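Everything on this sheet refers to the single structure shown next.
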């Protein structure tokens with residue numbers, strides 16, 4: 386769905402969009418999905434066969450090296466809602482944004498320790514330029530200096546080839562070196578050869594989660610960075626945007642997916658409704674899996690040693706956990722009994738219409754928490770991260786980490802929002818621990834306009850509000866728009882499932 390949405394948005398603004406792929410990519414994206422690329426080059430099979438799979442960057446580098454004319458390479462998870470500024474299209478080099486971050490440091494350290502060869506541009510940069518570590522994010526990368534880009538791509542392949550001995554043995558972090566071969570080398574060579582780089586976004590672009598709920602009205606460039614690509618809400622936003630704007634392609638992909646892959650009802654990975662499993666699959670109760678998670682999280686034993694500063698913590702956590710389990714189970718049973726699921730597309734279009742309003746009109750809209758969600762007040766965060774539904778290998782590691790965190794945490798106000806995903810028949814748990822989030826959810830227990838709710842938030846913080854006004858305002862507005870996009874906040878005339 387990501388690849389489809391990216392392609393379809395590009396075709397809204399550009400008449401020449403080429404797909405560079407392998408045979409499998411052509412079969413899926415062109416033959417089966419019919420995405421409207423203007424040209425297809427099936428050239429990657431041989432190059433991909435020569436390198437370990439974690440080195441996915443070689444396909445991009447090969448695509449750069451093929452180009453004979455000015456170009457921009459756009460990743461399959463970049464979504465444009467307006468054309469790029471024309472002045473950027475004349476730049477010698479163009480990238481998404483400059484990343485100024487120590488994130489690269491451990492991989493540069495490992496490079497210095499273990500690589501037999503490091504390109505001269507990187508060595509020069511390390512010894513001559515005494516600047517913070519930076520690189521060019523390659524969500525978009527290209528430009529008019531085609532000769533430089535070809536030399537850069539060749540240098541990147543040389544960088545990889547001369548360190549093949551390092552990659553010949555299993556390297557658990559191999560995937561992370563892609564950013565050195567592509568992004569760090571690109572910015573190093575541009576500086577070394579004194580070729581200016583223009584950027585589409587500001588340096589701090591990667592620090593914020595992409596605001597899908599603001600597209601296309603207020604957010605015209607979206608690119609989930611690193612772990613954001615796997616965040617459940619991000620994936621849902623992509624699916625909903627595709628369904629709203631390109632329903633034919635959405636249906637085509639859904640049909641293909643249902644034919645090829647296991648449906649949620651057949652999956653052993655926590656089908657949260659669990660009311661109608663497929664005939665070929667044994668009934669699986671999400672509650673049992675959730676119970677396992679909670680039981681492993683805090684094993685409250687009669688002789689449990691209490692924390693020194695919280696003498697009743699074990700009993701308090703047991704009570705808090707039991708309340709959460711009970712409320713969630715009643716909600717699960719209620720939702721599983723629903724015989725007439727709502728028209729999700731209609732609800733999404735209603736939410737999208739609200740979000741497309743300008744800020745003044747949006748502030749005048751009256752919302753309330755939907756009757757279709759449940760918000761549980763807790764003193765600790767008991768929510769099962771939805772990503773663990775799809776990444777079961779991370780389950781035990783997360784349980785261990787979360788258990789330590791909970792045992793060390795003092796009780797505080799936590800709201801856990803449970804919402805139905807009618808498409809996948811799953812319940813999604815989202816914890817809110819920030820005081821702004823907790824207060825906002827509390828306010829919208831009753832119908833309020835956005836402006837009225839913000840006024841109550843201002844009163845809640847009292848004399849401390851001016852000092853933190855900018856941060857509070859930004860967090861409040863973003864949360865409200867996220868809740869509207871997820872149908873957790875609904876217009877007051879639409880509070881329950883139709």
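Residue numbers (our numbering): 386 to 883.
Beta carbons: idealized from backbone N, C-alpha and C, even for Gly.
Remember, predicted model here, so these are calculated numbers, not experimental data.
| Query | Result |
| --- | --- |
| Nearest-angstrom Cα distance between residue 812 and residue 756? | 14 Å |
| Drop a sphere of 10 angstroms on the beta-carbon of residue 804, count the other beta-carbons inside from all chains shown, and report buried for 16 or more, exposed for fewer. | buried |
| Which runs of the alpha helix (DSSP H), 4 residues or longer, sit entirely within the segment 596-638? | 617-630 |
| Between which two residues does the alpha helix (DSSP H) containing residue 840 stretch? | 835-846 |
| Just checking my contact of residue 572 with residue 486 at CB under 8 Å: how many whole Å lie between their CB atoms? | Not a contact, Cβ separation roughly 12 Å. |
| Using DSSP with H/G/I as helix, E/B as strand and the rest coil, what is residue 386? | coil |
| Strictly by DSSP, which residues pair up with residue 485? | 519 |
| Between the alpha carbons of residue 425 and residue 634, how many angstroms are there, rounded? | 19 Å |
| Let me know the secondary structure DSSP gives residue 705 once reduced to three states. | helix |
| If you draw a straight line from the C-alpha of residue 649 to the C-alpha of residue 726, how long is it? | Note on residue 649: pLDDT 44, under 50, position unreliable in the model; the coordinate value appears next. Using only the alpha carbons, I get a separation of about 16 Å. |
| Under 7 Å Cβ to Cβ from residue 866, same chain only, skipping five residues before and after it: list those, please. | 598, 599 and 740 |
| Assign residue 622 to one of two classes, buried (16 or more other C-beta atoms within 10 Å of its C-beta) or exposed (fewer than that). | buried |
| With 16 as the cutoff for other CB atoms within 10 Å, does residue 441 come out buried or exposed? | exposed |
| Please classify residue 476 as buried or exposed, where buried requires at least 16 neighbouring CB atoms within 10 angstroms. | buried |
| Please return the same chain residues whose Cβ sits closer than 6 Å to the Cβ of residue 764, not counting the five positions on each side in sequence. | 705 and 796 |
| Sort 397, 416, 429 and 386 by Cα distance to residue 405 and report the nearest one. | 429 |
| From this set, 858, 830, 853 and 851, which residue's C-alpha is nearest residue 839's C-alpha? | 858 |
| What residue does the beta strand (DSSP E) around residue 800 start on, and which one ends it? | 799-806 |
| Would you mind working out which of 438, 393, 417 and 528 sits nearest residue 462, comparing C-alpha positions? | 393 |
| Any idea what DSSP makes of residue 662, helix, strand or coil? | For residue 662, the predicted structure reports a pLDDT of 36, less than 50, and the residue's modelled location is therefore unreliable. A value from the coordinates is still provided. DSSP places residue 662 in coil when its eight states are reduced to three. |
| Which value, in whole angstroms, describes the spacing of the CA atoms of residue 703 and residue 873? | 29 Å |
| Helix, strand or coil: how does DSSP classify residue 864 here? | helix |
| Assuming residue 753 contacts residue 829 under a Cβ cut-off of 8 Å, what Cβ separation, rounded to an integer in Å, is found between them? | 6 Å |
| Could you tell me the distance, in whole angstroms, from the CA atom of residue 443 to the CA atom of residue 435? | 10 Å |
| How about residue 751 and residue 832: are their beta carbons less than 7 Å apart? | yes |
| Three or more beta-carbon pairs under 8 Å between the segment 515-534 and the segment 445-457, yes or no? | yes |
| Apply the 10 Å Cβ neighbour rule to residue 644 and answer buried if 16 or more other Cβ atoms are within range, or exposed otherwise. | exposed |
| For the beta strand (DSSP E) containing residue 406, name the first residue and the last one. | 403-406 |
| Do you know how far the Cα of residue 609 is from the Cα of residue 587? | 15 Å |
| Taking DSSP as the reference, what is the three-state secondary structure of residue 564? | helix |
| Going along the chain, which residues of its own chain have a beta-carbon closer than 7 Å to the beta-carbon of residue 758, five neighbours each way excluded? | 802, 803, 804 and 873 |
| Name the DSSP bridge partner or partners of residue 723? | Beta-bridge pairing links residue 723 to no other residue. |
| Closest to residue 604 by C-alpha separation, out of 743, 842 and 478, would be which residue? | 743 |
| Go through its chain and collect everything with a Cβ distance to residue 882's Cβ below 6 Å, but skip five positions before and after it. | With a pLDDT of 47 at residue 882, under the threshold of 50, the modelled position of this residue cannot be trusted, and the question is left open. |
| If you draw a straight line from the alpha carbon of residue 767 to that of residue 701, how long is it in whole angstroms? | 13 Å |
| What do you reckon, are the CB atoms on residue 629 and residue 737 nearer than 7 Å? | yes |
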